[in-house]
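For the sequence shown, UniProt numbering begins at 1 and goes up steadily by one. A virtual CB, placed ideally from N, CA and C, is assigned to each residue, including glycine. Heads up, the thing below is written out as structure tokens.
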Amino acid sequence: TAVLPEVSQSDVAAILYSSGTTGKSKGVMLTHRNLTATVAAYDAVRIPTESPAVSLVT
Numbered sequence: 001t002a003v004l005p006e007v008s009q010s011d012v013a014a015i016l017y018s019s020g021t022t023g024k025s026k027g028v029m030l031t032h033r034n035l036t037a038t039v040a041a042y043d044a045v046r047i048p049t050e051s052p053a054v055s056l057v058t
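Dropping the structure here:
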């Protein structure tokens, strides 16, 4: 069994790319804390879903 590295809330979890207003691609780093807060917000407003999976789309 592989040993997984420890991850902190401030570690980068994902990078989202956007063309922005200038047309030049830009990357925004999201931390584990950012993603946890987003999921917690969905849970707080109790968005009804038919399955246990939730698609997070911006």
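Simplified DSSP assignment, three categories, for residue i
i, result
"residue 7", "coil"
Closest Cα partner of residue i within the set the options
i, options, result
"residue 37", "9, 15, 5, 16", "9"
"residue 18", "11, 12, 29", "29"
"residue 27", "6, 13, 50, 33", "13"
"residue 31", "44, 24, 39", "39"
Contact test: residue i Cβ vs the ligand SAM heavy atom, cutoff 6 Å
i, result
"residue 4", "You won't find the ligand SAM in this model; it holds no ligand whatsoever."
Entirely enclosed alpha helix (DSSP H) segments - the UniProt domain "AMP-dependent synthetase/ligase" (5-45), minimum 4 residues: 32-44
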